[in-house]
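J.:
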Amino acid sequence: MSYVMFPYERVRQGSRIIVYGMGWLGKMFVEQIEQNHYCEVVFAVDRDYQSKKSNFVAVKSPTSIQGAEYDYIVIAMLSISVAEAIKEDLIKWGVPVEKCVYKYALLESDREQILQKINGMNHFLCDRVGKILYGLESYAENELWRSTCPDWRDSWLYKKFQSLRTALTVYKIDEPHRFVRIGQNGDGGYLIVDNYPLRQNGILYAFGVGGDVSFEYEMAEQGWQIYMYDHTVSKLPQKHPAFHYQKRGLIGRKDEQRPELSTLPEFLCENGHMQEQDMLLKMDIEGYEIDVFCNLPEDVQVQFSQIVLELHGLDNISNWDALLKALTKISRTHRLVHLHANNWGPISFFGDGMLTEAVELTFVRTADWHFSPRKGLLLRSLDVRCDGLRPERLAWQ
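Here the sequence shown stands for residues 1 to 397, where the numbers follow UniProt numbering.
Following this line, the structure appears as structure tokens:
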């Protein structure tokens with residue numbers, strides 16, 4: 001049993017009190033007063049007064065309060081809602097609100113839970129503030145660079161940034177089409193082009209599903225067979241008859257030291273899909289996608305009519321060469337038709353442009369459409385902020 005101090009700070013010494021509630025908390029208050037004689041307990045009340053006993057005071061019905069002489073009524077209840085209800089009853093009986101004393105008893109178990117929540121909140125706030133400060137620092141450094149270096153456009157850094165920006169050029173599909181959002185609103189949902197027939201037994205490969213399978217579930221409901229892989233989760237949060245899940249991961253090149261990881265051609269071969277066309281590929285594997293596409297055979301890549309990809313590490317300059325290689329490889333068979341900046345990560349400024357840590361990309365197979373460069377704001381009405389507490393990262397070209 002926890003020890004809870006009597007609310008001395010709210011009760012004047014030498015005053016006369018009535019204790020409301022004679023559970024273990026009320027008995028503890030009465031015993032403290034009897035030991036230190038801080039004030040006088042006139043009597044105690046309890047709704048179950050007939051079964052409550054005390055060696056120090058009489059226990060009466062709550063109605064005994066009416067007509068009694070006292071300075072304070074100390075409500076000894078653990079539940080805040082019960083204490084508030086008692087307080088409302090006392091006020092109805094004519095007890096002045098300033099004479100109603102209630103102290104929330106913070107038990108040790110409550111304290112541990114509260115500390116856990118505070119620690120979690122501290123981590124959350126530190127993460128948010130850190131990302132904001134990173135963006136502000138990057139902006140300040142970039143403005144200083146542009147104002148003090150007239151030839152910043154000729155620097156190797158800006159030229160490399162321009163190459164990356166060119167590799168992320170978004171194209172407009174010339175033929176009639178429409179985008180649809182698949183999956184939940186927020187992180188985990190993606191835009192795809194729906195002109196492809198959503199036929200029975202279509203094949204979707206999904207890598208890095210994590211704790212959200214809303215995209216896969218919606219596709220399964222439309223008749224697709226879903227081949228899902230993630231070596232970091234033990235089981236899926238949802239089940240569906242069309243889900244084919246294995247706790248394995250994706251890698252660009254076979255590594256004998258990582259038997260839990262396989263290449264995309266190996267997965268296709270295992271499932272008998274080496275001759276399949278018009279499959280869909282969805283990938284969110286926290287940066288490993290770069291190595292996958294750098295090493296993916298072109299004849300395998302072209303088997304997918306659409307590729308939905310979360311691309312990571314754009315704010316890391318040391319990643320840019322590998323990113324450019326991966327994007328160049330994808331562009332041999334596919335065109336980028338949608339880009340949405342993920343607003344979870346920090347932002348970095350380079351000359352007259354900005355990059356976020358990750359972007360959501362939708363590619364369609366080049367052979368299936370005709371294209372022209374897209375102009376203006378890239379954000380679509382179907383896009384939803386990945387982090388609902390932070391603003392969108394607006395991208396345009």
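From the three backbone atoms N, C-alpha and C, an ideal C-beta is built for every residue, glycine too.
1) What is the rounded straight-line gap between the Cα of Cys149 and the Cα of Phe350?
2) Below 8 Å on the Cβ atoms is my contact criterion, and I expect Gln397 with Val170 to pass it. Report the Cβ-Cβ distance as a whole number of Å.
3) Spatial neighbours of Gln66 within its chain, please: C-beta separation below 7 Å, excluding the five flanking residues on both sides.
4) For Leu168, count the other beta carbons within 10 Å of its own beta carbon; 16 or more makes it buried, fewer makes it exposed. Which is it?
5) Is the Cβ-Cβ distance between Gln101 and Val11 less than 8 Å?
6) Between which two residues does the alpha helix (DSSP H) carrying Cys294 extend?
7) Going by DSSP, which residues form a beta bridge with Thr362?
8) Which residues share a DSSP beta bridge with His60?
9) Reducing DSSP to helix, strand and coil, say where residue 441 ends up.
10) Quick one, which of Gln50, Glu40, His177, Glu357 has its alpha-carbon nearest Gly23's?
11) Less than 8 Å between the C-beta atoms of Gly211 and Cys386, yes or no?
12) For Trp320 and Leu164, what's the separation of their Cα atoms in angstroms?
13) Between Glu286 and Leu314, how many whole angstroms is the CB-CB distance? I'm expecting something under 8 Å.
14) Considering only residues of the region 146 to 174, which uninterrupted beta strand (DSSP E) runs meet the minimum length of 3 residues and lie entirely inside it, listed in chain order?
15) Should Tyr3 be labelled buried (16 or more other beta-carbon atoms within 10 Å of its own) or exposed?
16) Mind checking whether Ser305 and Met279 have CB atoms under 8 Å apart?
17) Identify every run of the beta strand (DSSP E) within the UniProt domain "Methyltransferase" (180 to 316), keeping only runs that are complete inside it and at least 3 residues long; order them along the chain.
18) Report the rounded CA-to-CA distance for Glu9 versus Ile73, giving the unit in angstroms.
19) Decide yes or no for the touch test of the region 54 to 63 against the region 76 to 85: beta carbon pairs closer than 8 Å, at least 3 of them.
20) According to DSSP, which residues form a beta bridge with Thr356?
21) Could you check where the alpha helix (DSSP H) with Phe29 kicks off and where it finishes?
22) Quick test of your reading: Glu360 and Asn343, contact by CB under 8 Å. State the CB separation rounded to the nearest angstrom.
23) Between the C-alpha atoms of Lys375 and Ile173, what's the straight-line distance to the nearest angstrom?
24) Relative to the C-alpha of Arg16, which candidate in Leu191, Gly26, His37 has its C-alpha closest?
25) Please classify Tyr3: does DSSP put it in a helix, a strand, or coil?
26) Please state whether DSSP places Arg16 in a helix, a strand or coil.
27) Per DSSP, what kind of secondary structure is Tyr8 in: helix, strand or coil?
28) In the DSSP assignment, what are the bridge partners of Val101?
29) Determine whether the beta carbon atoms of Leu389 and Leu377 lie at a separation below 8 Å.
30) Grab me the residues of Met28's own chain with a C-beta within less than 7 Å of its C-beta, minus the 5 sequence neighbours each way, in chain order.
31) What does the Cβ neighbour count give for Ile132, buried or exposed, with the cut at 16 atoms within 10 Å?
32) Residues in its own chain within less than 7 Å of Pro70 by CB, not counting five upstream and five downstream?
33) Buried or exposed: Asp230, going by 16 or more other Cβ atoms within 10 Å of its Cβ?
34) Look at the alpha carbon of Lys103 and the alpha carbon of Val129, and state the distance between them as a whole number of angstroms.
T.: Quick answer:
1) 13 Å
2) 6 Å
3) Non-local C-beta neighbours of Gln66 in its own chain, meaning closer than 7 Å and more than five positions away in sequence, comprise Trp93, ordered along the chain.
4) buried
5) It is Val, not Gln, that sits at residue 101 in the sequence shown. Cβ atoms of Val101 and Val11: closer than 8 Å.
6) 289 to 295
7) Val308, His338
8) Note that residue 60 corresponds to Lys in the displayed sequence, not to His. Paired residue(s): Val45.
9) Since the first residue of the chain shown is 1 and the last is 397, residue 441 is not available in this structure.
10) Gln50
11) no
12) 7 Å
13) That pair is no contact at about 13 Å.
14) Every beta strand (DSSP E) stretch that sits fully inside the region 146 to 174 and reaches 3 residues is listed by chain position as 171 to 173.
15) That one is exposed.
16) Their beta carbons are under 8 Å apart, which means Ser305 touches Met279 by this criterion.
17) Listed in chain order, the complete beta strand (DSSP E) runs (minimum 3 residues) inside the UniProt domain "Methyltransferase" (180 to 316) are 190 to 193, 202 to 207, 224 to 229, 243 to 246, 279 to 283, 304 to 312.
18) 14 Å
19) Segments in contact, no.
20) Ile347
21) 24 to 36
22) Actually they are not in contact, since the Cβ atoms of Glu360 and Asn343 sit about 11 Å apart, beyond 8 Å.
23) Lys375 and Ile173 have their C-alpha atoms spaced approximately 12 Å apart.
24) His37
25) Three-state result, Tyr3: coil.
26) strand
27) Residue state, collapsed to three classes: helix.
28) Val74
29) no
30) Val4
31) exposed
32) For the record, residue 70 in the displayed sequence is Tyr; it is not Pro. Cβ within range, chain order: Arg16, Ile17, Ile18, Val42.
33) buried
34) 35 Å
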